[in-house]
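Protein chains: 2
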Amino acid sequence: MERIAIDMDEVITHFSANCLELFNEEFNTDYTTEDLQGKLLVELDARFADKVDQYLANESFFLDLQVIRDSQEVIQKLSAHYDIYIVTAAMEFPASLAPKYQWLKQHFSFLNDKNFVFCGDKSIIHADYLIDDTPSCLDTFTGQGILFTAPHNRDISGYTRLNNWQEVARYFLKV
Amino acid sequence: MERIAIDMDEVITHFSANCLELFNEEFNTDYTTEDLQGKLLVELDARFADKVDQYLANESFFLDLQVIRDSQEVIQKLSAHYDIYIVTAAMEFPASLAPKYQWLKQHFSFLNDKNFVFCGDKSIIHADYLIDDTPSCLDTFTGQGILFTAPHNRDISGYTRLNNWQEVARYFLKV
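Line order of the protein sequences matches chains A and B. Per our numbering, the first sequence starts with residue 48, numbered consecutively. Per our numbering, the second sequence starts with residue 48, numbered consecutively.
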């Protein structure tokens, strides 16, 4: 059975949207995801440089993350035909380890937790496919990398790109 | 640079020895590591079946683990010539995620925490070598597996075996 590794933030979790919401509350701004097109948070507003670390240090940040549309249904369908691994960079924010685990158990309870991988550098992952929103993660991956569209990567070319989970379903299941 | 993945329990941490110590205190037994030759804990005393889960649920269990002799010095030397990843099964005991991270930062502070991998199934690891005390982990690994001697695996054959960290140094550094 072929193996698909799937990133968490911006692929199955609305990571940036949560950062925007907390920032808007604190600074009385009204940034939306639309404002992030082609930009990282810190390029939208330099104050994010300090703030993101602060938000992530709070355990509830990860527990509150919204699930990206259709990801649950499509991953459940994919898991009948592929070995699914959730592969997330967690070592930069050790406080995220436990809440990321809890979030996965809550929202993707149909996956075996033996298939969760918390790492730093994704070049250590041995899989056939990696679905990730970060081009540099795909660059060092040895299988087929797939760029999952997120606001920040909209203008980047040179990767196999899928824009949403319905496109992922069509790519892997030909449906 | 070639990449060596290194397991934690029984390879760099005295996991079983800590279990024996806690068990001896509780049941007034006097088991030693010698009694574990060729056996798993549960084969030595069936009461370990319940007890190990109970010990591991306590965060301090991992923080208290002793470092296996010469592992720090040899891994530091290896890291000049190889990319070193510490790869540990942590998903069965989610309470171990944070204390395993802390233990590594304390005892292997010279390693970059981006090179820590917490997973379930080690077949997901892409590396040239895996040093592990558990034969089944080596069976699904696609690189060169190396069985690190622990009491429980003493009688198992069919693997490249290294008995201690000085032998690891000779194998990889030809010293």
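Backbone N, C-alpha and C define an ideal beta-carbon position, used for all residues, glycine too.
With 16 other CB atoms within 10 Å as the buried threshold, where does residue i fall?
i: B/F109; result: buried
i: B/M138; result: buried
i: A/E49; result: exposed
i: A/D186; result: exposed
i: A/T79; result: exposed
i: B/D56; result: buried
i: A/V89; result: exposed
i: B/H32; result: Outside the displayed span of chain B (48 to 222) sits residue 32 of chain B, for which this structure offers no information.
i: A/L91; result: buried
i: A/V222; result: exposed
i: B/S63; result: buried
i: A/A174; result: buried
Please report the straight-line C-alpha distance between residue i and residue j, rounded to a whole angstrom.
i: A/T60; j: B/K86; result: 44 Å
i: B/E73; j: B/D82; result: 18 Å
i: A/A197; j: A/Q84; result: 8 Å
i: A/W150; j: A/D179; result: 18 Å
i: B/E106; j: A/N210; result: 41 Å
i: A/K169; j: A/Y176; result: 12 Å
i: B/G190; j: A/F188; result: 16 Å
i: A/R201; j: A/V58; result: 14 Å
i: A/Q123; j: A/F157; result: 7 Å
i: A/I274; j: B/H154; result: An answer regarding residue 274 of chain A cannot be provided, because it is not within the stretch 48 to 222 covered by chain A.
i: A/F195; j: A/I51; result: 13 Å
i: A/K98; j: A/F70; result: 8 Å
i: A/I115; j: B/Y102; result: 37 Å
i: B/C184; j: B/G167; result: 10 Å
i: A/F219; j: A/N159; result: 20 Å
i: B/S126; j: B/Q119; result: 11 Å
i: A/S204; j: A/T181; result: 12 Å
i: A/A93; j: A/H199; result: 15 Å
i: B/D100; j: A/K152; result: 19 Å
i: A/L67; j: B/A142; result: 30 Å
i: B/T207; j: A/F140; result: 36 Å
i: A/A96; j: B/R217; result: 46 Å
i: A/V121; j: A/K161; result: 20 Å
Would you mind giving the Cβ-Cβ distance between residue i and residue j, rounded to the nearest angstrom? I have them listed as a contact below 8 Å.
i: A/W212; j: A/D117; result: 4 Å
i: A/D54; j: A/T135; result: 6 Å
i: A/I171; j: B/Y148; result: Not quite, the Cβ-Cβ distance comes to about 16 Å (not below 8 Å), so this is no contact.
i: A/N65; j: A/L112; result: 6 Å
i: B/A145; j: A/A145; result: 6 Å
i: B/V215; j: A/V164; result: No, B/V215 and A/V164 are not in contact; Cβ-Cβ is about 25 Å, not under 8 Å.
What does DSSP give as the partner residue(s) for residue i in the beta ladder?
i: B/A64; result: According to DSSP, which records beta bridges pairwise, B/A64 is partnered with nothing at all.
i: A/A216; result: Beta-bridge pairing links A/A216 to no other residue.
i: B/V58; result: Beta-bridge pairing links B/V58 to no other residue.
i: B/R50; result: B/D130
At 8 Å on the CB atoms, spell out the chain E contacts of residue i, in chain order.
i: B/T189; result: This model lacks chain E altogether; the protein chains it does include are A and B.
Secondary structure, beta strand (DSSP E): runs of 3+ residues fully inside the segment 161 to 210 of chain B:
163 to 166, 176 to 179, 191 to 195 and 207 to 209
* Asked: In chain order, which beta strand (DSSP E) runs of at least 3 residues are fully inside the segment 86 to 151 of chain A?
  -> 130 to 136
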